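Asks:
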Amino acid sequence: MLYRDFALVLGKILFNTHCSKFNELIYLNMINPKYKRIEELGWNPVLLRRAKVLVVGAGALGNEALKNLALLGVGHIWVADMDIIEDHNLTRSVLFRAEDIGKPKAEAAAHRIKEINPDVKVYPITKTVQETMGLGFFFQVQVVFGCVDNVQTRLDLNRYCLQAGTLFIDAGIRKLDGDVKIFGKPYAVCFDCMVTNTMRLEAWQRHSCLKLRSHTNPDSVSTAPTIASIMAGLQVQLGVKYLHKQPIVIGKRFAVLGYIDQMHVTKMHRNHACPTHAQYEPIPKNQLIPLNLSSTDNTLADLLTEVKNIMGKNAVIQLDYDLVTHYTCLQHNYQTQLYRRRGTIFADEVQCPLCKQEQQPNAHLLMQEHFINQISGNEQPQLLQKKLNQIGLPYYHIVTGFTCTDKQFQYNYFLINNDKKIFTSY
Ligand SMILES: [Zn+2]
Ligand SMILES: [Zn+2]
């Protein structure tokens, strides 16, 4: 017994010293009996320890997905959620306790899954995915678990996963019902193929009609912790099978109808009017051009210089989001200048002081939005001198440069390579 304890401690030290494959094998397969049962399932603890996954949303579904990933010893887990724990979360979230109320969900969940399994590395992100995690990050993870309650985030995750060729397992729950959809290479069908017009209208549910953010969340639908367990359990099981290259049903939807106790598996079909499929395509990894730039140290002008050096002086940068430059009050002509990603601005940030003085109801509806999504070099110097992370570019992003000569378009994909350390420095 003493010998085994000593061997376990030694194995753990070797395991934590950025270990070689050999050390990992000693600890996981030969000394630590913890993973024995997982091995007996035909799964590989070393492979799981090396896996990198992203869980978006740390609510009812996210809690269950994270718990399962930690139990299985999935080694690197990023968890993103911008919300704070409220008392009603306690009846649906296995990882939260009463003393966690008021804490960021992502941080509390990260803390708790380290307790479940200290072997896993977990990286909490408390801002929106759109503002923090660039497309380059999606090339680094193997599976993305969608555990969110809004369509817009799902659409953004879907698009990044399609471009990076990363498996996207999305779950949704509503009262006692739930579904899991699996999207992966070659992305013959994507989440956006399934989005109806009504869902598209709801996509900006967290925003007002001007795509301005509101401080209060819309009423969320009640969900049972039981259906969250079922759907997140399925999500993680499929993800772990995929990590082991075991066949999974890509392009299918599992639905559980909790009120009538029925389950269905259906094939999803490509929508030929799908906006994501029309606009984006997978980017081969070998076509990425890494630039020696970082979002925190370099400006938009620095990026443009690099792009023009490679593609010629007529090259422009095509942003994959709308960059709001200013708002104008249609009544008073008052201008609020700001350089921010569309959809991240709160209504009270763009108030016209004269409308405020006059106590104008719905003053934000009088504000006209101005935005751009191409940068050619002819923009205002104060914009070009902004650091990349000050104009809404997420970290480790991939920016498209394009030129048009003799009606021929040429595209290149540029990776902001020095940001990589932000995701690996934990
Ligand atoms: Zn599609
Ligand atoms: Zn005004």
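Its first residue numbered -3, the sequence shown is counted upward by one per residue in the numbering used here.
A virtual CB, placed ideally from N, CA and C, is assigned to each residue, including glycine.
From a predicted model like this one, the values you see are computed outputs, not experimental measurements.
Relative to the C-alpha of residue 400, which candidate in 185, 311, 352, 174 has its C-alpha closest?
Replies: Within the sequence shown, the letter at position 404 stands for residue 400. Checking every option, the nearest Cα to that of residue 400 belongs to 311.
Asks: Looking at the structure shown, is residue 393 part of a helix, part of a strand, or coil, going by DSSP?
Replies: Numbered from its first residue, the sequence shown carries residue 393 at position 397. Of the three classes helix, strand and coil, the one that applies to residue 393 here is coil, per DSSP.
Asks: Between the alpha carbons of residue 43 and residue 326, how many angstroms are there, rounded?
Replies: The count along the sequence shown starts at 1 and reaches residue 43 at position 47. The count along the sequence shown starts at 1 and reaches residue 326 at position 330. In a straight line, the C-alpha of residue 43 is about 58 Å away from that of residue 326.
Asks: Have a look at 69, 218, 248, 253 and flag the residue whose alpha-carbon is nearest the alpha-carbon of residue 262.
Replies: Counting from one through the sequence shown, the residue named residue 262 turns up at place 266. Of the listed residues, the one whose Cα sits closest to residue 262 is 248.
Asks: In terms of alpha-carbon separation, which member of 320, 195, 411, 62 lies closest to residue 149?
Replies: By 1-based counting over the sequence shown, the position of residue 149 is 153. Per the Cα distances, 195.
Asks: Relative to the alpha-carbon of residue 111, which residue among 85, 63, 364, 382 has its alpha-carbon at the smallest distance?
Replies: What you label residue 111 is simply residue 115 of the sequence shown in a count that begins at 1. Among 85, 63, 364, 382, the Cα nearest to that of residue 111 belongs to 63.
Asks: If you measure between the beta carbons of residue 365 and residue 320, is that distance less than 9 Å?
Replies: Taking the sequence shown and counting its residues from 1, the one referred to as residue 365 is at position 369. Taking the sequence shown and counting its residues from 1, the one referred to as residue 320 is at position 324. In this structure, residue 320 lies closer than 9 Å to residue 365 by Cβ.
Asks: Using three-state DSSP, classify residue 403 as helix, strand or coil.
Replies: In the sequence shown, counting from the first residue as 1, residue 403 sits at position 407. Three-state result, residue 403: coil.
Asks: Would you say the beta carbon of residue 465 comes nearer than 8 Å to a heavy atom of ligand 2?
Replies: Only positions -3 to 422 of the chain appear in the structure, and residue 465 is not among them; the question remains open.
Asks: Spatial neighbours of residue 317 within its chain, please: CB distance less than 6 Å, with the 5 preceding and 5 following residues excluded, ordered by chain position.
Replies: Position 321 of the sequence shown holds residue 317. If we look at residue 317 and ignore the five residues flanking it on each side, its Cβ neighbours are 337.
Asks: Leaving out five residues on either side along the sequence, give the residues of the same chain with a beta carbon under 7 Å from the beta carbon of residue 372.
Replies: Along the sequence shown, read from residue 1 onward, the residue named residue 372 stands at position 376. Contacts found: 312.
Asks: Using a Cβ-Cβ cutoff of less than 7 Å, which residues in the same chain neighbour residue 40 once the five nearest sequence positions on both sides are dropped?
Replies: Reading the sequence shown from its first residue, position 44 is the one you call residue 40. Cβ within range, chain order: 240.
Asks: Using a strict less-than 5 Å threshold between each residue's beta carbon and the heavy atoms of ligand 1, what residues do you get?
Replies: With the cut-off at 5 Å, the residues found are 186, 188, 189, 270, 272, 273.
Asks: Are there three or more Cβ pairs, one per stretch, closer than 8 Å when the segment 286 to 298 is compared with the segment 156 to 168?
Replies: Result no; under three Cβ-Cβ pairs closer than 8 Å.
Asks: Please list, in chain order, all residues of the same chain as residue 106 whose beta carbon is under 7 Å from its beta carbon, the five residues on each side excluded.
Replies: To locate residue 106, count along the sequence shown from 1; it is residue 110. Here the set comprises 75, 118, 120.
Asks: What residue does the alpha helix (DSSP H) around residue 102 start on, and which one ends it?
Replies: In the sequence shown, residue 102 corresponds to position 106, counting from 1. Its alpha helix (DSSP H) spans residues 101 to 112.
Asks: Buried or exposed for residue 32, please, with buried defined as at least 16 other CB atoms from any protein chain shown within 10 angstroms of its CB.
Replies: Residue numbering aside, residue 32 sits at position 36 when the sequence shown is read from its first letter. Flag for residue 32 reads exposed.
Asks: Cα separation between residue 323 and residue 305?
Replies: To locate residue 323, count along the sequence shown from 1; it is residue 327. To locate residue 305, count along the sequence shown from 1; it is residue 309. Cα to Cα, the separation comes out at about 33 Å.
Asks: Rounding to the nearest angstrom, what Cα-Cα distance links residue 46 and residue 115 in this structure?
Replies: Start at 1 with the first residue of the sequence shown, and residue 46 comes out as number 50. Start at 1 with the first residue of the sequence shown, and residue 115 comes out as number 119. About 11 Å.
Asks: So residue 228 packs on residue 172, CB below 8 Å; how close in whole Å?
Replies: Counted from its first residue, the sequence shown places residue 228 at position 232. Counted from its first residue, the sequence shown places residue 172 at position 176. Contact flag wrong, Cβ pair sits at about 15 Å.
Asks: What runs of the alpha helix (DSSP H), each 4 residues or longer, lie entirely inside the segment 214 to 288?
Replies: Qualifying alpha helix (DSSP H) stretches, in chain order: 221 to 239, 271 to 275.
Asks: Taking 8 Å as the cut-off, is the CB of residue 330 close to at least one heavy atom of ligand 2?
Replies: Within the sequence shown, residue 330 is the residue found at index 334, counting from 1. For ligand 2, at least one heavy atom lies less than 8 Å from the Cβ of residue 330.
Asks: Please indicate yes or no: does the CB of residue 362 lie closer than 8 Å to some heavy atom of ligand 2?
Replies: Your numbering for residue 362 matches position 366 in the sequence shown. Yes - ligand 2 has a heavy atom lying nearer than 8 Å to the Cβ of residue 362.
Asks: Could you have a look at residue 336 and say whether DSSP puts it in helix, strand or coil?
Replies: Sequence index remark: in the sequence shown, residue 336 carries index 340 (1-based). In the structure shown, residue 336 sits in a strand (DSSP, three-state: E or B).
Asks: What first and last residue would you give for the beta strand (DSSP E) that runs through residue 165?
Replies: Within the sequence shown, numbered from 1, the residue matching residue 165 stands at position 169. Its beta strand (DSSP E) spans residues 163 to 170.
Asks: In the DSSP assignment, find the unbroken beta strand (DSSP E) run with residue 198 in it and report its ends.
Replies: Within the sequence shown, numbered from 1, the residue matching residue 198 stands at position 202. That residue, residue 198, is in no beta strand (DSSP E); its alpha helix (DSSP H) goes 193 to 198.
Asks: How do the segment 183 to 193 and the segment 260 to 275 stand: do at least 3 beta-carbon pairs fall below 8 Å, yes or no?
Replies: Touching, yes, given that three or more Cβ pairs across the two stretches are closer than 8 Å.
Asks: What would DSSP say about residue 325, mapped onto helix, strand or coil?
Replies: The residue you call residue 325 lines up with position 329 of the sequence shown. Residue 325: strand per DSSP, three-state reduction.
Asks: How big is the Cα-Cα spacing for residue 344 and residue 243?
Replies: In the sequence shown, residue 344 corresponds to position 348, counting from 1. In the sequence shown, residue 243 corresponds to position 247, counting from 1. If I take the Cα positions, the gap works out to 50 Å.
Asks: Does the beta-carbon of residue 325, which I'm using as the reference point, lie nearer than 8 Å to any heavy atom of ligand 2?
Replies: Residue mapping note: residue 325 aligns to position 329 of the sequence shown, counting from 1. Yes; taking the cut-off as 8 Å, the Cβ of residue 325 has a heavy atom of ligand 2 nearer than that.
Asks: Determine the direct distance from the alpha carbon of residue 392 to that of residue 278, and round the result to whole angstroms.
Replies: For the purposes of this step, residue 278 is taken as the residue at position 282 of the sequence shown. For the purposes of this step, residue 392 is taken as the residue at position 396 of the sequence shown. If you take the alpha carbons of residue 278 and residue 392, they lie about 17 Å apart.
Asks: Would you mind giving the Cβ-Cβ distance between residue 384 and residue 418, rounded to the nearest angstrom? I have them listed as a contact below 8 Å.
Replies: Taking the first residue of the sequence shown as 1, we reach residue 384 at position 388. Taking the first residue of the sequence shown as 1, we reach residue 418 at position 422. No, residue 384 and residue 418 are not in contact; Cβ-Cβ is about 12 Å, not under 8 Å.
Asks: With distances taken from CA atoms, which of 141, 97, 130, 152 is nearest residue 58?
Replies: What you label residue 58 is simply residue 62 of the sequence shown in a count that begins at 1. Of the listed residues, the one whose Cα sits closest to residue 58 is 141.
Asks: So who's on the other strand from residue 84, going by DSSP bridges?
Replies: Indexing the sequence shown from 1 puts residue 84 at position 88. In the DSSP output, where bridge partners are listed per residue, residue 84 has none listed.
Asks: Terminal residues of the continuous beta strand (DSSP E) containing residue 52?
Replies: Residue mapping note: residue 52 aligns to position 56 of the sequence shown, counting from 1. First-last of the beta strand (DSSP E) with residue 52: 48 to 52.
Asks: How big is the Cα-Cα spacing for residue 81 and residue 374?
Replies: For the purposes of this step, residue 81 is identified with residue 85 of the sequence shown, where counting begins at 1. For the purposes of this step, residue 374 is identified with residue 378 of the sequence shown, where counting begins at 1. Cα to Cα, residue 81 sits roughly 45 Å from residue 374.
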